[in-house]
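These notes concern the structure reproduced below.
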Amino acid sequence: MSLSQRMMRMSESQTVALNSTLARLRREGKDVVALGAGEPDFDTPGHIKEAGIAAIEQGYTKYTPAEGSVELREAISQWLLEEYKVQYKTQEIVVTCGAKYAVFQAVLAVCDPGDEVLLPKPYWVSYPEMIQLADAVMRPIDPADRNHLKITPEELERAITPKTRLLILNSPSNPSGAVYSPEELAGLVRVIQKSGIYVLADEIYDKIVFTREGFASMTQFPEIRDQLLLVNGVSKSYAMTGWRIGYLAAPEAIAQAVKKYQGHTTSNPTSISQKAAVAAMTGPKDFIADMHKAFLARRDYVHRRLTTIPHLPCLLPEGAFYAFPDVSFYYGREKNGQRISDSTSLCQYLLETHGVAIVPGIAFGMDTHVRLSFATSMAELERALDRIEQGLSSLG
Ligand SMILES: Cc1ncc(COP(=O)(O)O)c(C=O)c1O
906 MSLSQRMMRM SESQTVALNS TLARLRREGK DVVALGAGEP DFDTPGHIKE AGIAAIEQGY
966 TKYTPAEGSV ELREAISQWL LEEYKVQYKT QEIVVTCGAK YAVFQAVLAV CDPGDEVLLP
1026 KPYWVSYPEM IQLADAVMRP IDPADRNHLK ITPEELERAI TPKTRLLILN SPSNPSGAVY
1086 SPEELAGLVR VIQKSGIYVL ADEIYDKIVF TREGFASMTQ FPEIRDQLLL VNGVSKSYAM
1146 TGWRIGYLAA PEAIAQAVKK YQGHTTSNPT SISQKAAVAA MTGPKDFIAD MHKAFLARRD
1206 YVHRRLTTIP HLPCLLPEGA FYAFPDVSFY YGREKNGQRI SDSTSLCQYL LETHGVAIVP
1266 GIAFGMDTHV RLSFATSMAE LERALDRIEQ GLSSLG
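If you're matching positions, the sequence shown starts at 906 in the numbering used here and goes up one per residue.
Set out below in structure tokens:
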């Protein structure tokens, strides 16, 4: 059997080996605490589920327009107006099967083979693969500021070449939890505007932000509106990961190209989920505040526990639900014949010997770090942090 070059180029997920160890340990009946999840542990709110059920009962179970129903695109347009005071026409919005498919199609829509895409480290695991699938070239930007893990305008400017087509900026960040302030974004925007490149702003965690000044959206810079590809969705804000609804808001020509591509690949996002997403975007918002409160308490707890472990610097997550400590102090040590040389071996050690599953930073382009998700109960977090603490302290 021979696979296409394109498929062969796609790398195996960095967490495959860890996942198989996790599955084996669980099969053997071992008690493992897993902090790998990338989704809220809350249930989808009742009124949203009911809208999905009503859609089924009322026969809203057929194809919709490829770009999503007018009703949902109007709801998104209204939401963007209320949240960010920006006007997006329905022709500039495409509803997609999850935010992930919005990112992928946006990359495809603007990149030709050989075009360069700038990707600040640490980056979400799927971006490099999407860039590769578009036959574009990934150019990582390594932020010098290890305390905040954010790039500066100077770093962005230095990375731009005549071949640069796109910057992907994810704030709040998965995996670091870093959030760009309005001033920091303004600095980047000046470079983006001057260079004429596109910027894909992945704002999927915009409702999970813990800074006093709140979330700064790329939509707040009208001077780059024609260069902005905005990605968001309902997965994280409304605990709807399984419903698979995201969207792209972009200049009309780009939105229309994506509509065409989507029409030939998925036809349309699920009709039932679109009805549920309308209920999410137009319905009561108290769920978001409740979820936010729980995440904030967990964020404080996880950060306090991590930073009391010796030699474990960790930036205070300002958004999303991940902590991203630097574990490199522990590299080069050995325990029971197991040598800790990188983020993968450290995670393997913590999993096998201490029963706690976290994600190696190499998956996000930063081998010095590991990612913990705090999208789980406080009781589970306590157990997990006890184990991490024990595991690292026994390495000395
Ligand atoms: C940064 C980032 N973008 C996009 C997504 C994808 O969201 P969705 O589940 O809506 O496809 C995720 C999910 O983990 C994410 O972390």
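For glycine and all other residues, C-beta sits at the position ideal for the given N, C-alpha and C.
Going by beta-carbon coordinates alone, are residue i and residue j separated by less than 8 Å?
i, j, result
"Leu-1013", "Ala-971", "no"
"Thr-1116", "Tyr-989", "no"
"Gly-1119", "Gly-1138", "no"
"Ala-1228", "Val-1261", "no"
"Leu-1133", "Ala-1011", "no"
"His-1197", "Val-1232", "no"
"Ser-1246", "Gly-1266", "no"
"Ala-1158", "Val-999", "no"
"Gly-1296", "Thr-1258", "yes"
"Tyr-950", "Tyr-1110", "Before going on, a small fix: residue 950 reads as Pro here, not Tyr. Against a cut-off of 8 Å, the Cβ pair of Tyr-1110 and Pro-950 comes out as no contact."
"Ala-1162", "Val-1136", "no"
"Ala-1199", "Val-1030", "no"
"Leu-1090", "Ala-1049", "no"
"Ser-1282", "Asp-946", "yes"
"Leu-1211", "Ala-1007", "no"
"Ala-1202", "Glu-997", "no"
"Thr-1146", "Glu-944", "yes"
"Leu-927", "Leu-1256", "yes"
Beta-carbon within less than 7 Å of residue i's beta-carbon, same chain only, minus the 5 sequence neighbours each way: which residues are those?
i, result
"Cys-1016", "Val-1022, Ala-1039, Ala-1041, Arg-1070, Leu-1071"
"Ser-1172", "Tyr-968, Ala-971"
"Gly-1168", "Ala-971"
"Tyr-965", "Ser-1176, Ile-1177, Lys-1180"
"Ala-1064", "Leu-1023, Arg-1044, Ile-1046"
"Thr-1066", "Glu-1021"
Give me the DSSP bridge partner(s) of residue i.
i, result
"Lys-1240", "Gln-1243"
"Gly-1151", "Thr-1001, Gly-1138"
"Asn-1075", "Asp-1107"
"Asp-1047", "Answer by DSSP bridge pairing: none, since Asp-1047 is not bridged."
"Leu-1277", "Ala-1228"
"Glu-1021", "Val-1042, Thr-1069"
"Leu-1133", "Val-1104"
"Pro-1265", "Val-1275"
"Ala-939", "Ala-1262"
"Val-1114", "Gly-1224"
Who are the Cβ neighbours of residue i in its own chain at under 8 Å, not counting the five residues just before and after it?
i, result
"Leu-1061", "Leu-1023, Ile-1046, Leu-1072, Leu-1093, Val-1096, Ile-1097"
"His-952", "Ala-1184, Gly-1188, Pro-1189"
"Ala-922", "Thr-1249, Gln-1253"
"Lys-935", "Gly-1260"
"Gln-1037", "Arg-914, Met-915, Met-1043"
"Lys-1068", "Gly-1019, Asp-1020, Glu-1021, Val-1042"
Using C-beta distances below 6 Å, list every residue in its chain close to residue i, excluding the 5 sequence neighbours before and after it, in chain order.
i, result
"Gln-1243", "Tyr-1254"
"Lys-1026", "Pro-1045, Asp-1047, Gly-1270, Met-1271"
"Ile-1129", "Val-1094, Ile-1097, Gln-1098"
"Ala-956", "Lys-1180, Ala-1181, Ala-1184"
"His-1303", "With the chain covering only 906 through 1301, there is no way to say anything about residue 1303."
"Ser-1076", "Val-1084, Tyr-1085"
"Lys-1112", "Ser-1142, Ile-1193"
"Ile-1263", "Leu-940, Cys-1252, Val-1275, Leu-1277"
Item to check | Sufficient close CB pairs (3 or more, under 8 Å) joining the segment 1169 to 1187 to the segment 1015 to 1031 | outcome: no
Next on the checklist: Under 8 Å, with one C-beta from each stretch per pair, do the segment 1076 to 1083 and the segment 1049 to 1062 reach the 3-pair mark?
Outcome noted: yes
Next on the checklist: Would the segment 1260 to 1279 count as touching the segment 936 to 949 if we require 3 or more Cβ pairs under 8 Å?
Outcome noted: yes
Checklist entry - Quick check: the segment 966 to 981 against the segment 1183 to 1203, are there 3 or more CB pairs under 8 Å? => result yes
Checklist entry - Is the segment 1188 to 1202 touching the segment 1237 to 1250, taking contact as three or more C-beta pairs under 8 Å? => result no
Next on the checklist: Count Cβ pairs between the segment 990 to 1006 and the segment 1205 to 1223 that sit closer than 8 Å; are there 3 or more?
Outcome noted: no
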